[in-house]
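One line per chain: the protein sequences are A and B, in this order.
In this text, residue positions in the first sequence follow our numbering: the first is 1, and each later residue adds one.
In this text, residue positions in the second sequence follow our numbering: the first is 206, and each later residue adds one.
Right, one structure below, let's go through it.
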Amino acid sequence: MKKDSIAYVVLFTFIACVVFVLPLAVANEVTRPLVEANKLFALRSSVLDAFNIGYQTPEDAEAEYSASIRETAELNGSPIAWAATIDGAEYRAVRRSGPGLWGTITVIVAADPLGERVRGLQIVDQIETPGLGGRIGEPWFIEQFREKKVGEQGLRADQSGSGEGELDKESPRVDAIAGASRTSDFFVAIVNGAIADIKAGGGAP
Amino acid sequence: MSSKQAKIVKDGLWFNNPIFVQVLGICSTLAVTNSLLNTLIMTVGVTFSTALSSWTLSLMKGLIPRKVRMIVQVLVISFYVIVIDIVLRAYLPEASKQLGPYVGLIITNCIIMGRAEAFAAANPPWPSFVDGLANGLGYMAVLVGIAVIREFLGFGTLLGMDVAWPGFIPWTIMIMAPSAFFLVALALWGAKSIAARAEAAKKKSATAPAAAR
Numbered sequence: 001m002k003k004d005s006i007a008y009v010v011l012f013t014f015i016a017c018v019v020f021v022l023p024l025a026v027a028n029e030v031t032r033p034l035v036e037a038n039k040l041f042a043l044r045s046s047v048l049d050a051f052n053i054g055y056q057t058p059e060d061a062e063a064e065y066s067a068s069i070r071e072t073a074e075l076n077g078s079p080i081a082w083a084a085t086i087d088g089a090e091y092r093a094v095r096r097s098g099p100g101l102w103g104t105i106t107v108i109v110a111a112d113p114l115g116e117r118v119r120g121l122q123i124v125d126q127i128e129t130p131g132l133g134g135r136i137g138e139p140w141f142i143e144q145f146r147e148k149k150v151g152e153q154g155l156r157a158d159q160s161g162s163g164e165g166e167l168d169k170e171s172p173r174v175d176a177i178a179g180a181s182r183t184s185d186f187f188v189a190i191v192n193g194a195i196a197d198i199k200a201g202g203g204a205p
Numbered sequence: 206m207s208s209k210q211a212k213i214v215k216d217g218l219w220f221n222n223p224i225f226v227q228v229l230g231i232c233s234t235l236a237v238t239n240s241l242l243n244t245l246i247m248t249v250g251v252t253f254s255t256a257l258s259s260w261t262l263s264l265m266k267g268l269i270p271r272k273v274r275m276i277v278q279v280l281v282i283s284f285y286v287i288v289i290d291i292v293l294r295a296y297l298p299e300a301s302k303q304l305g306p307y308v309g310l311i312i313t314n315c316i317i318m319g320r321a322e323a324f325a326a327a328n329p330p331w332p333s334f335v336d337g338l339a340n341g342l343g344y345m346a347v348l349v350g351i352a353v354i355r356e357f358l359g360f361g362t363l364l365g366m367d368v369a370w371p372g373f374i375p376w377t378i379m380i381m382a383p384s385a386f387f388l389v390a391l392a393l394w395g396a397k398s399i400a401a402r403a404e405a406a407k408k409k410s411a412t413a414p415a416a417a418r
């Protein structure tokens, strides 16, 4: 068969595709349980972080999740709302997505059922500029929201802060990230949306 | 190592460096070099893909019809890149999450297809492997150098560890893509100057004995 004939080209392309794609399909199937387990651990550890429940190891996290967290709503088989009783107090958490500067930001926010005080939050997904908007993932930024009192208008990002985090838990303001005011505003809007969801009964058993 | 292979290695690392001389792979240079860890993972991925896809394509070169040459190259390159993606997702989920779409984009890295076309298509498998490896390492050396500067000046860290002195003020520009342009340009300038000086010295030493005669 001539190498430039249509039959050879079609046959060669078909065989090459099978030879290269088949091992990938097998490798994908073989590693699928591991990938699913990684995704599940990432989600569950984010929920525990949002509720401010500590853990040391992945096994520890699984045990804490099973013992303390109740999944109260799901979408397409994935949980989107949770409830937990911590030190006798009831808390709710919801998953919420919204626009960032470059793409969707997804967070899990935990608060009391009336949405008056944030328990904590954790970012599930974001693709903001590394070093600028991407700094929403830094501990000092996330920690600002922990035990934060929510004002009547919700929380607000303040551009004039020190840039090191607002530590007054009774104030509804949080320090925006210097050089990333748009991302800070988007992020706080998503958090306020999540608090509104909780107020509306999100996460309730 | 034979002298031919030594020459291939020297070319990939310096004389025909993919960044300094071929000016390839610039997109990823801008994208990932504000983090040393991401740069290391990305460049290891590119080195692995370039070496193995050059080797595979060289093995197959007698069978590939010219009409579908580039389709087959992309298929082979994609195969190795997806292997990397699967391994990262399964065993290094944090790195996979941080690199996000960049791993998939290795497929479009010009260096890999450039070496497949320029070298592997006309050379035996083992030299093609060495050529891919040397070009990947040459690319890695330049990007790691740029990443060290950008991460240190941009964040005050290296591999995420705080290495700056107290009171250090991070240079925000170093985190943004334009700083990579400045640094690549400076690196090109430096490399070209060194190469030109070496060339001039070589010419001078070649003409000196003739003048003495």
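By construction, the Cβ of each residue, glycine as well, lies at the ideal position given by its N, Cα and C atoms.
Small disclaimer: the values here were computed from a predicted structure and weren't measured.
For chain A, is any of its Cβ atoms less than 9 angstroms away from the one on residue i?
{"i": "T377(B)", "result": "yes"}
{"i": "A295(B)", "result": "yes"}
{"i": "P371(B)", "result": "no"}
{"i": "V349(B)", "result": "no"}
{"i": "P383(B)", "result": "no"}
{"i": "P270(B)", "result": "yes"}
{"i": "S283(B)", "result": "yes"}
At a Cβ threshold of 9 angstroms, is residue i touching chain B?
{"i": "A61(A)", "result": "no"}
{"i": "Y8(A)", "result": "yes"}
{"i": "F12(A)", "result": "yes"}
{"i": "V21(A)", "result": "yes"}
{"i": "L101(A)", "result": "no"}
{"i": "E4(A)", "result": "Contrary to the premise, residue 4(A) reads as Asp rather than Glu in this sequence. Chain B contact via Cβ: present."}
{"i": "T72(A)", "result": "no"}
{"i": "L34(A)", "result": "yes"}
{"i": "A27(A)", "result": "yes"}
{"i": "G179(A)", "result": "yes"}
{"i": "N52(A)", "result": "no"}
{"i": "T129(A)", "result": "yes"}
{"i": "L132(A)", "result": "yes"}
Just tell me which of the options has its CA closest to the CA of residue i.
{"i": "R70(A)", "options": "D175(A), R146(A), T13(A), V94(A)", "result": "V94(A)"}
{"i": "I127(A)", "options": "T106(A), N28(A), R117(A), G115(A)", "result": "T106(A)"}
{"i": "P205(A)", "options": "I80(A), L167(A), P99(A)", "result": "I80(A)"}
{"i": "A73(A)", "options": "L101(A), Y65(A), E64(A), A83(A)", "result": "A83(A)"}
{"i": "G165(A)", "options": "I190(A), G151(A), G137(A)", "result": "G137(A)"}
{"i": "T129(A)", "options": "V47(A), L101(A), L155(A)", "result": "L101(A)"}
{"i": "I316(B)", "options": "A413(B), P298(B), K409(B), L229(B)", "result": "L229(B)"}
{"i": "S283(B)", "options": "L34(A), E62(A), Y65(A), F20(A)", "result": "F20(A)"}
{"i": "L245(B)", "options": "D216(B), L364(B), L280(B), A211(B)", "result": "L364(B)"}
{"i": "S184(A)", "options": "S160(A), L167(A), A42(A)", "result": "S160(A)"}
{"i": "G343(B)", "options": "S208(B), A211(B), W219(B)", "result": "W219(B)"}
{"i": "Q227(B)", "options": "V286(B), L393(B), F357(B), Y285(B)", "result": "L393(B)"}
Taking Cβ to Cβ, would you say residue i is nearer than 9 angstroms to residue j?
{"i": "R119(A)", "j": "N52(A)", "result": "yes"}
{"i": "V251(B)", "j": "I311(B)", "result": "yes"}
{"i": "G337(B)", "j": "R320(B)", "result": "yes"}
{"i": "P113(A)", "j": "G203(A)", "result": "yes"}
{"i": "K169(A)", "j": "E147(A)", "result": "yes"}
{"i": "Q144(A)", "j": "D49(A)", "result": "no"}
{"i": "G98(A)", "j": "A189(A)", "result": "yes"}
{"i": "P298(B)", "j": "A61(A)", "result": "no"}
{"i": "V9(A)", "j": "I108(A)", "result": "no"}
{"i": "Y91(A)", "j": "A67(A)", "result": "no"}
{"i": "D158(A)", "j": "A176(A)", "result": "yes"}
{"i": "L280(B)", "j": "C17(A)", "result": "yes"}
{"i": "A196(A)", "j": "G154(A)", "result": "yes"}
{"i": "I231(B)", "j": "V353(B)", "result": "no"}
{"i": "M247(B)", "j": "V288(B)", "result": "no"}
Considering residue i, what are the terminal residues of the beta strand (DSSP E) in which it resides?
{"i": "E91(A)", "result": "One detail in the question is off: residue 91(A) reads as Tyr in this sequence, not Glu. Counting along the chain, the beta strand (DSSP E) containing Y91(A) begins and ends at 89 to 99."}
{"i": "S78(A)", "result": "78 to 86"}
{"i": "G120(A)", "result": "118 to 125"}
{"i": "A110(A)", "result": "104 to 111"}
{"i": "R169(B)", "result": "Residue coverage of chain B in this structure runs from 206 to 418, which leaves residue 169(B) outside it and unanswerable."}
{"i": "A180(A)", "result": "That residue, A180(A), is in no beta strand (DSSP E); it is neither H nor E in DSSP."}
{"i": "A157(A)", "result": "156 to 158"}
{"i": "V174(A)", "result": "173 to 175"}
Following the continuous alpha helix (DSSP H) through residue i, name the residue where it begins and the one where it ends.
{"i": "V286(B)", "result": "274 to 296"}
{"i": "R44(A)", "result": "6 to 50"}
{"i": "T252(B)", "result": "241 to 265"}
{"i": "D60(A)", "result": "58 to 68"}
{"i": "R355(B)", "result": "330 to 360"}
{"i": "V214(B)", "result": "208 to 215"}
{"i": "V235(B)", "result": "In the sequence under discussion, the amino acid at residue 235(B) is Leu, which differs from the Val named in the question. Taken as a continuous stretch (DSSP letters only), the alpha helix (DSSP H) holding L235(B) covers 231 to 237."}
{"i": "E143(A)", "result": "139 to 143"}
Answer yes or no: the CB of residue i versus the heavy atoms of the ligand GDP, is any distance below 8 angstroms?
{"i": "S263(B)", "result": "You won't find the ligand GDP in this model; it holds no ligand whatsoever."}
Touch test, the stretch 338 to 355 of chain B against the stretch 364 to 375 of chain B, Cβ-Cβ under 8 angstroms, three pairs minimum: no
Segment contact, 8 angstroms Cβ cut-off, at least three pairs: the stretch 380 to 396 of chain B with the stretch 227 to 247 of chain B: yes
Inter-stretch contact at 8 angstroms, needing at least 3 Cβ pairs: the stretch 287 to 301 of chain B / the stretch 24 to 38 of chain A: yes
Three CB pairs or more closer than 8 angstroms across the stretch 252 to 260 of chain B and the stretch 322 to 338 of chain B: yes
Cβ contact (3+ pairs, closer than 8 angstroms) linking the stretch 214 to 224 of chain B and the stretch 258 to 268 of chain B: no
At least three beta-carbon pairs within less than 8 angstroms, the stretch 9 to 17 of chain A to the stretch 265 to 276 of chain B: yes
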